[in-house]
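Visitor:
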Amino acid sequence: MAGRFGFVKRNSIYPLQFIIQSGNSYAIVLTLHPVDVLGRSMNSGQTLLNRDKMQFYLNTLTGKLNVVQLANNPEHPTIVFLHDSLGSVELWRTFPKTLGELTQCNVFVYDRQGYGKSSPFTVNSRDNDYLEIEADRLHQLIEQCGLQRVILFGHSDGGSIALIAAAKYPSFILGVITEGAHIFVEEITLEGIREAVTAYQTTDLKERLQKYHGEKTEAVFNAWAATWLNDTFRSWNMEQFLPKIHCPVLVIQGEKDEFGSLDQVNGIVKQVSGVVSSLIIPAVGHTPHKEAKEIVLEHSAGFIGTLV
């Protein structure tokens, strides 16, 4: 293999960081900074990183993460997308690609552990600090992949993770966009989850989720529902992080969000220390980037334009 890679020295040992897959071609990358390396296909010798879309698996201490990267120009910021509690890379559809094109930003989308094509969960239950743990893992991921000038776009759980990351690791984050983020537990949230549990048991919801999570579907759903409906989680609150956020923040929420009231938005707006604005979209529920895609794209692109 040493002869295939100009940067690999003979008789040396390198840590395996991730494997790039493109069709039937693979490239092994031995570096902490994939954006700085030309990975070459072991079949054809052609570069893979110059293509519009790159999918790879990133080895971490807790398992393998599925990552999709669109463009890798180090002179441009990178939008990192953080999915919701039942989400995955594929469930974002074309939204990340479109926003990246509108803003001329790099795009980085990944399945958190337990979701999509990433490794399964390694624990059977979650503690109340699971979102903070994910924010810490996000920071490690940003460092490991050498991402620069990061803008976080988080939906639901992903929005909460983005806010915590911006509070704890401000030097890495240019700005944050949230959709339906939670900063405390509300009865409307719990009622929405109870209804989702009924739908999971009585409709084809489980089968639809299996398209994206496969054999991990039961664990994904239970990790969400069992955690939030547990009495010990009722006291969860992350408002202590908000005053530590100094970067610009755009808070998006559907007026008819079935999992959270506008008190979530008002709490973020009032307590974040940086410049913060909100977008409340009438007649829209918990997933604005799907239900009102053009509106969210327009306002997100405008917000990002003020950062770059």
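Using the numbering used here, you'd call the opening residue of the sequence shown number 91 and step up by one each time.
For every residue, glycine included, the Cβ atom is placed at its ideal position computed from N, Cα and C.
Assign residue 250 to one of two classes, buried (16 or more other C-beta atoms within 10 Å of its C-beta) or exposed (fewer than that).
Guide: Taking the sequence shown and counting its residues from 1, the one referred to as residue 250 is at position 160. Label assigned to residue 250: buried.
Visitor: Going by DSSP, what residue range makes up the beta strand (DSSP E) through residue 85?
Guide: In this structure the chain extends from 91 to 398, so residue 85 is not present and cannot be described.
Visitor: Which complete alpha helix (DSSP H) runs does the region 312-379 hold, if anything under 4 residues is left out?
Guide: DSSP runs (the alpha helix (DSSP H)) wholly in the region 312-379: 352-361.
Visitor: If residue 196 and residue 168 are in contact, beta carbons under 8 Å, what's the gap, nearest whole angstrom?
Guide: Residue 196 sits at position 106 when you count from the first residue of the sequence shown. Residue 168 sits at position 78 when you count from the first residue of the sequence shown. So it is a contact: roughly 4 Å between Cβ atoms.
Visitor: Of the residues 296, 242 and 182, which one's Cα is nearest the Cα of residue 393?
Guide: Indexing the sequence shown from 1 puts residue 393 at position 303. Answer by Cα proximity: 242.
Visitor: Applying the 10 Å Cβ sphere with the 16-neighbour rule, what's the burial state of residue 253?
Guide: As a working note, residue 253 is residue 163 in the sequence shown. Buried is the call here.
Visitor: In this structure, does DSSP put residue 199 in helix, strand or coil?
Guide: Sequence index remark: in the sequence shown, residue 199 carries index 109 (1-based). Three-state DSSP puts residue 199 in a strand.
Visitor: Label residue 244 either buried or exposed according to how many other C-beta atoms from any shown protein chain fall within 10 Å of its C-beta, with 16 as the threshold for buried.
Guide: Start at 1 with the first residue of the sequence shown, and residue 244 comes out as number 154. Answer is buried; the Cβ neighbour count reaches 16.
Visitor: Evaluate residue 164 with the Cβ neighbour count: other Cβ atoms within 10 Å of its Cβ, from every protein chain shown; 16 or more gives buried, anything less gives exposed.
Guide: Here the question's residue 164 lines up with position 74 in the sequence shown. Its Cβ having fewer than 16 others within 10 Å, residue 164 is exposed.
Visitor: Going straight from the alpha carbon of residue 379 to that of residue 270, what length do you get?
Guide: Indexing the sequence shown from 1 puts residue 379 at position 289. Indexing the sequence shown from 1 puts residue 270 at position 180. Distance between the alpha carbons of residue 379 and residue 270: 10 Å.
Visitor: Just the C-alpha distance for residue 296 and residue 159, rounded to the nearest angstrom, thanks.
Guide: Along the sequence shown, one-based indexing puts residue 296 at 206. Along the sequence shown, one-based indexing puts residue 159 at 69. The straight-line gap from Cα to Cα measures roughly 28 Å.
Visitor: Measure the CB-CB distance between residue 181 and residue 302 and report whether it falls below 9 Å.
Guide: By 1-based counting over the sequence shown, the position of residue 181 is 91. By 1-based counting over the sequence shown, the position of residue 302 is 212. Taking 9 Å as the Cβ cut-off, residue 181 and residue 302 qualify as a contacting pair.
Visitor: So what does DSSP say about residue 273, is it helix, strand or coil?
Guide: Along the sequence shown, one-based indexing puts residue 273 at 183. Residue state, collapsed to three classes: coil.
Visitor: Judging by CA-CA distance, which residue of 240, 281, 282 and 185 is the nearest neighbour of residue 39?
Guide: In the structure as shown, the chain begins at 91 and stops at 398. Residue 39 is therefore absent and cannot be evaluated.
Visitor: Taking the beta strand (DSSP E) that residue 410 falls in, what are its first and last residues?
Guide: Examination of residue 410 is not possible in this model, given that the chain is present from 91 through 398 alone.
Visitor: Quick one: what's residue 156 bridged to in DSSP?
Guide: Here residue 156 corresponds to residue number 66 of the sequence shown, with the count starting at 1. Paired residues: 147.
Visitor: What is the rounded straight-line gap between the Cα of residue 204 and the Cα of residue 193?
Guide: Position 114 of the sequence shown, counted from the first residue, corresponds to residue 204. Position 103 of the sequence shown, counted from the first residue, corresponds to residue 193. When rounded, the distance between both Cα atoms is 30 Å.
Visitor: If you drop the 5 nearest sequence neighbours on each side, which residues of the same chain put their C-beta closer than 7 Å to that of residue 174?
Guide: One-based indexing of the sequence shown puts residue 174 at position 84. Excluding residues within five positions, the ones whose Cβ falls inside 7 Å are 245, 246, 247 and 248.
Visitor: Could you tell me the alpha carbon to alpha carbon distance between residue 218 and residue 335, rounded to whole angstroms?
Guide: For this step, residue 218 is matched to residue 128 along the sequence shown. For this step, residue 335 is matched to residue 245 along the sequence shown. When rounded, the distance between both Cα atoms is 21 Å.
Visitor: Verify whether the separation of the beta carbon atoms of residue 237 and residue 390 is less than 9 Å.
Guide: Start at 1 with the first residue of the sequence shown, and residue 237 comes out as number 147. Start at 1 with the first residue of the sequence shown, and residue 390 comes out as number 300. No. Outside cutoff.
Visitor: Considering residue 170, what are the terminal residues of the beta strand (DSSP E) in which it resides?
Guide: Position 80 of the sequence shown, counted from the start, is the residue given in the question as residue 170. Per DSSP, residue 170 belongs to the beta strand (DSSP E) from 168-172.
Visitor: Using the Cβ count rule (16 or more neighbours within 10 Å means buried), how would you classify residue 208?
Guide: As a working mapping, residue 208 is identified with position 118 in the sequence shown. Counting Cβ neighbours within 10 Å, residue 208 comes out buried, since at least 16 surround it.
Visitor: Indicate whether residue 211 and residue 282 have their beta-carbon atoms separated by less than 9 Å.
Guide: In the sequence shown, residue 211 corresponds to position 121, counting from 1. In the sequence shown, residue 282 corresponds to position 192, counting from 1. Contact: no.
Visitor: Quick check on residue 393: does DSSP put it in helix, strand or coil?
Guide: Stepping through the sequence shown from its first residue, residue 393 is reached at position 303. Three-state result, residue 393: helix.
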